[in-house]
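Residue numbers (numbering that gives the first Met the number 0): 0 to 149.
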Amino acid sequence: MPSVGIYVATVYGGALDVAEQVAPLFESAGYDVDIHETPMLDRLIEPKPDLALFCISTTGRGDYPGNFTGLSNALEQQRPSLEGLLYALIAMGDSEYEETFCGAGRKLDALLTELDAHRVVERLEVDASETPMADDAALPWVEQWLADQS
Ligand SMILES: Cc1cc2nc3c(=O)[nH]c(=O)nc-3n(C[C@H](O)[C@H](O)[C@H](O)COP(=O)(O)O)c2cc1C
Numbered sequence: 000m001p002s003v004g005i006y007v008a009t010v011y012g013g014a015l016d017v018a019e020q021v022a023p024l025f026e027s028a029g030y031d032v033d034i035h036e037t038p039m040l041d042r043l044i045e046p047k048p049d050l051a052l053f054c055i056s057t058t059g060r061g062d063y064p065g066n067f068t069g070l071s072n073a074l075e076q077q078r079p080s081l082e083g084l085l086y087a088l089i090a091m092g093d094s095e096y097e098e099t100f101c102g103a104g105r106k107l108d109a110l111l112t113e114l115d116a117h118r119v120v121e122r123l124e125v126d127a128s129e130t131p132m133a134d135d136a137a138l139p140w141v142e143q144w145l146a147d148q149s
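Below, the structure is given as structure tokens:
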């Protein structure tokens with residue numbers, strides 16, 4: 000059974016809600032799903048999931064939420080090779096923050112690519128000003144990706 004690890008970065012729970020809403024879609028498609036609410040590097044690389052899905056909101060001024068800094072600090076400081084890691088990324092933010100819109104998701108996407116991970120689909124950016132319920136954008140995006148695989 001293929002595995003998907005869903006790595007969550009959240010302050011107010013919206014990104015966790017997205018993770019919990021998309022999980023059954025992967026399960027119905029035959030994936031074993033593991034949601035990581037406090038993501039750590041070892042759970043990304045050993046064992047490596049067949050797909051890593053990041054659900055990442057932004058706080059501060061383009062910053063990672065606190066529950067995610069264990070993983071982001073490890074990636075930034077240890078710079079492990081992520082060759083062979085396939086990932087997808089849902090970045091959540093608010094365009095009211097203008098230049099730091101989706102800053103954490105964008106920063107993470109760039110970092111993962113630098114570390115040789117491979118993004119399997121264009122990043123989804125969800126703007127809370129336009130789409131208050133992020134599931135409205137995330138569910139069809141995941142459904143489409145799964146349909147493209149079959
Ligand atoms: C204190 C604070 C700072 C924020 N900073 C940013 C930001 O720099 N860029 C951005 O795009 N969104 C920013 N946001 C908006 C959140 O990322 C957005 O509302 C997101 O949907 C929250 O997700 P969560 O419920 O998972 O924490 C900020 C929100 C708050 C409350």
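Ideal Cβ positions, reconstructed from N, Cα and C, are used throughout, including at glycine. Note that this is a predicted model, so its numbers are computed, not measured.
Beta-carbon contacts of residue i that lie in its chain and below 8 angstroms, excluding the five residues immediately before and after
i     : result
Leu40 : Gly69, Leu70, Ala73, Leu74, Gln77, Pro79
Glu19 : Ile34
8 angstroms contact criterion, which residue i and residue j should meet: CB distance rounded
i      : j      : result
Ile89  : Val7   : At roughly 10 angstroms, the Cβ-Cβ gap does not stay under 8 angstroms, so Ile89 and Val7 are not in contact.
Arg122 : Gly102 : With a Cβ gap of about 13 angstroms, Arg122 and Gly102 do not count as contacting.
Ala51  : Trp144 : So it is not a contact: roughly 13 angstroms between Cβ atoms.
Beta-carbon proximity check, residue i vs residue j, cutoff 7 angstroms
i      : j      : result
Gly4   : Asp33  : yes
Gly61  : Thr99  : yes
Leu81  : Asp115 : yes
Gly13  : Ala137 : no
Val125 : Met91  : yes
Residues near residue i in its chain [Cβ-Cβ closer than 6 angstroms; skip 5 each side]
i      : result
Asp31  : Met0, Ser2
Arg146 : Note on residue identity: the sequence assigns Ala, not Arg, to residue 146. Excluding positions up to five away in sequence, the list is empty.
Asp93  : Ala127, Ser128
Residues near residue i in its chain [Cβ-Cβ closer than 7 angstroms; skip 5 each side]
i      : result
Gln148 : none
Val10  : Ser56, Thr58, Pro64
Val21  : Ala137, Leu138, Val141
Leu15  : Val7, Thr9, Glu36
Buried or exposed (CB count within 10 angstroms, at least 16 for buried), residue i
i      : result
Pro139 : exposed
Pro48  : buried
Asp108 : buried
Completely contained beta strand (DSSP E) runs for the stretch 53-129, where each covers 3 or more residues: If only uninterrupted beta strand (DSSP E) runs of at least 3 residues are considered, those enclosed by the stretch 53-129 are 85-92, 123-126.
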